[in-house]
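For the sequence shown, this note's numbering begins at 454 and goes up steadily by one. Below: the structure, in structure tokens.
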Amino acid sequence: MSDQRIDARQWAAANIAASAEYFPNLMPQMADISEIGDPRERQLATAIQRTVLQRWLTLDYILNRHLKKPLNKLEPAMQGVLLTGAAQLLFFERLPDFAVVSSMVNLAAEMIRPEAKGMVNAVLRNISKTIAGRSSDGLWEPCRDKLPTDTGYVQFNLPMLPDPAKDWTGYWSIVTSHPTSVLEHFANEHGKDAAVAIAMHDLTVPPTIISAANPLDESALPITKHKADGHYYLWQGNYGELTEFLKTHVDCRVQDPTASKPIAATRDLKLKSIIDYCAGKGTKSVQLAAMHPDATVYATDPDGPRFAALKTVSEGYNNLVAKRKSVLPKDADLILLDVPCSNTGVLARRPEARYRFNRPNRRELVQLQKHIATEAIERIVLGGYILYSTCSICEMENQQITQFICDKAEGKIVNEQQTLPQGYGDTYQDGGYFALIQC
């Protein structure tokens with residue numbers, strides 16, 4: 454499709470319609486944004502898509518108040534148009550309601566059929582009529598007529614939401630768009646207050662954080678200092694500027710302070726052979742190679758495209774080698790296991806992950822984590838270290854797998870830390886966990 458024929462709403466609605474076919478088993482979106490020519494339209498398109506993914510259950514609840522048939526029973530294209538339209542009405546205050554409704558009605562005729570215009574018009578106009586105003590005064594509190602946003606709240610002109618005093622789980626599930634199973638899991642492990650704090654934090658738009666090896670000049674770059682210890686900065690420029698910056702600052706990377714903690718825990722270890730067993734595209738492999746210049750870092754990943762990216766990355770480092778798993782050494786001093794996980798510590802960055810957090814998926818993940826750990830243990834030397842790392846905040850993926858490794862390898866924990874997602878702006882941090890185990 455040419456740049457002249459697609460705009461932000463069209464792109465977002467089409468991609469949300471595609472997601473609706475698989476909800477709640479959503480995966481990270483990889484749609485081609487280059488279909489949109491105007492950079493401002495691209496920004497709006499990704500913001501709309503992200504908002505729908507982040508507030509799907511909220512939007513579903515609001516829309517169902519104005520539908521005769523449940524939203525999830527409608528055809529995917531209709532779901533895409535309604536979700537995209539409702540998201541704009543509720544969470545994009547700078548977009549005039551009449552313009553949103555008009556554009557989505559026209560899009561309904563194009564994406565669905567001309568007869569769909571009437572339904573879309575009626576539903577979106579009814580939602581618009583329920584909005585009495587918006588506020589960013591910071592005085593939001595749980596109630597039936599105020600919906601929290603990342604900057605304040607939407608004021609309804611009638612009690613639209615569940616009663617927080619009578620239905621704790623139902624209320625917080627709707628206003629934060631977390632399945633009840635997620636909230637209950639968080640409450641069981643971290644307490645109700647922490648569960649609410651985590652769920653509210655997951656509504657934020659997370660900043661882009663730069664981790665630098667050395668201090669950066671804030672006066673010369675579109676950055677502001679993050680308050681975490683070390684050289685962390687909030688990127689204030691656009692994506693194109695960020696891409697160019699990273700090309701010319703090879704010692705910098707996009708990384709949250711929490712994600713940097715596992716590698717930092719190995720700083721004082723004397724190592725000769727390191728394996729990054731789930732290396733992805735090599736972010737932590739590069740960190741290990743830089744931190745331990747006298748060691749050889751072997752990076753591997755079972756995914757073909759990611760392994761190809763590893764090979765490209767390794768060409769820039771004398772002590773970083775991309776190897777297939779079958780030919781990895783069996784005498785490693787350190788093995789990093791940055792394993793696949795539920796992403797419950799980074800739901801602000803990975804909003805789609807909250808919807809697939811269920812018992813079968815958790816069991817499958819835990820089995821995979823145990824399988825990876827069992828394989829890796831065979832390649833560690835006596836006295837060597839396993840660094841286990843996730844972006845989860847769930848005990849069964851963190852402390853329980855760490856104990857599994859200790860039992861299997863007759864190891865002991867020498868360093869362990871869990872961080873809950875927290876903070877905003879220059880105090881923002883993702884959640885995550887790591888354990889350094891000596892075998």
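We treat Cβ as the ideally placed atom computed from N, Cα and C, and that holds for glycine.
Span of the alpha helix (DSSP H) around residue i
i	result
R759	G757 to S767
P492	P492 to Q507
W688	Careful: W688 lies outside any alpha helix (DSSP H), inside the beta strand (DSSP E) at Y685 to W688.
D646	K645 to H654
F544	P529 to F544
G423	Given that the chain is displayed from residue 454 to residue 892, the structure contains no residue 423 and the question cannot be resolved.
C742	Sequence inspection shows Ala at residue 742; the Cys mentioned does not correspond to that position. From DSSP, the alpha helix (DSSP H) with A742 extends over T736 to M744.
N796	Premise fails: N796 is in no alpha helix (DSSP H) and is neither H nor E.
S472	A461 to A473
Residue i versus the options, residue with shortest Cα-Cα distance
i	options	result
I788	Y770, A470, L524 and G836	G836
M572	I854, Q822 and K521	K521
P617	R508, K776 and S626	S626
Y841	C705, D879 and N851	N851
S726	L773, I716 and G693	L773
T677	Y692, A666, P660 and C731	P660
V792	T701, A806, D729 and D786	D729
D460	A647, M480 and Q496	Q496
Y808	P549, P874, P481 and F551	P481
G885	L699, N814 and Q708	Q708
P874	V658, T701, A465 and R815	V658
N796	G591, I651 and P567	I651
L512	T499, V534 and A498	V534
S738	A862, G757, I716 and L722	I716
Y838	A806, L722 and P595	L722
V553	R462, Y692, L800 and T827	R462
H684	N691, E694 and L669	L669
E863	Q882, T827 and T872	T827
I501	N517, A465 and S487	A465
A498	A569, T537, R816 and A473	T537
I858	G878, E831, T872 and Q882	E831
P746	K734, G735 and L724	L724
G876	A801, Q689 and K776	A801
N811	C794, Q689, L506 and V703	C794
L592	W509, V607 and I565	V607
A681	G878, E474 and T719	G878
V505	Y686, L479, P523 and I486	L479
P813	I580, E568, S634 and R518	S634
R706	Q820, L687, E671 and V576	L687
S672	R503, P595 and Q689	Q689
D590	R578, N579, D603 and I580	D603
A806	S487, I486, R508 and D485	R508
H631	Q856, P477, D883 and I854	P477
First through last residue of the beta strand (DSSP E) which encompasses residue i
i	result
S555	Where S555 is concerned, there is no enclosing beta strand (DSSP E), although the alpha helix (DSSP H) it sits in stretches over D550 to M564.
K894	Any property of residue 894 remains undetermined from this structure, which presents the chain solely from 454 to 892.
A665	I662 to A665
V774	L773 to A775
Residues that residue i bridges to, as DSSP identifies them
i	result
E869	A888
S726	T749
D709	For D709, which the question treats as bridged, DSSP gives no partner whatsoever.
D791	S842
Q875	Q882
A785	I833
CB contact below 8 angstroms: residue i versus chain C
i	result
F887	The question asks about chain C, but that chain is absent: this structure has only one protein chain.
**OP:** Determine contact between the segment 767-784 and the segment 743-756, defined as no fewer than three beta-carbon pairs at a distance below 8 angstroms.
**Re:** Segments in contact, yes.
Subject >> Three or more C-beta pairs below 8 angstroms linking the segment 552-565 and the segment 480-498 >> reply: Judged by pairs of C-beta atoms under 8 angstroms, the segment 552-565 does not touch the segment 480-498, as fewer than three such pairs exist.
Subject >> Touching by the beta-carbon criterion (3+ pairs, under 8 angstroms), the segment 602-622 and the segment 757-773 >> reply: The segment 602-622 vs the segment 757-773: no contact.
Original post:
Three or more C-beta pairs closer than 8 angstroms, one from the segment 517-533 and one from the segment 466-473: is that the case here?
Top reply: The segment 517-533 vs the segment 466-473: in contact.
Original post:
Would the segment 531-548 and the segment 577-584 be scored as touching if the rule is three or more Cβ pairs under 8 angstroms?
Top reply: Of all C-beta pairs linking the segment 531-548 to the segment 577-584, three or more are shorter than 8 angstroms, placing the two stretches in contact.
**OP:** Could I get the ranges of all uninterrupted beta strand (DSSP E) runs contained in the segment 812-859, with 3 residues as the minimum, in chain order?
**Re:** Entirely contained in the segment 812-859, the beta strand (DSSP E) runs reaching 3 residues are, in chain order, 833-843.
Subject >> Every unbroken beta strand (DSSP E) inside the segment 573-631 [3 residues or more] >> reply: If we require 3 residues or more, the beta strand (DSSP E) runs fully inside the segment 573-631 come out as 584-588, 599-601 and 606-609.
Subject >> Three-pair Cβ contact test at 8 angstroms for the segment 664-678 versus the segment 692-711 >> reply: The segment 664-678 is in contact with the segment 692-711.
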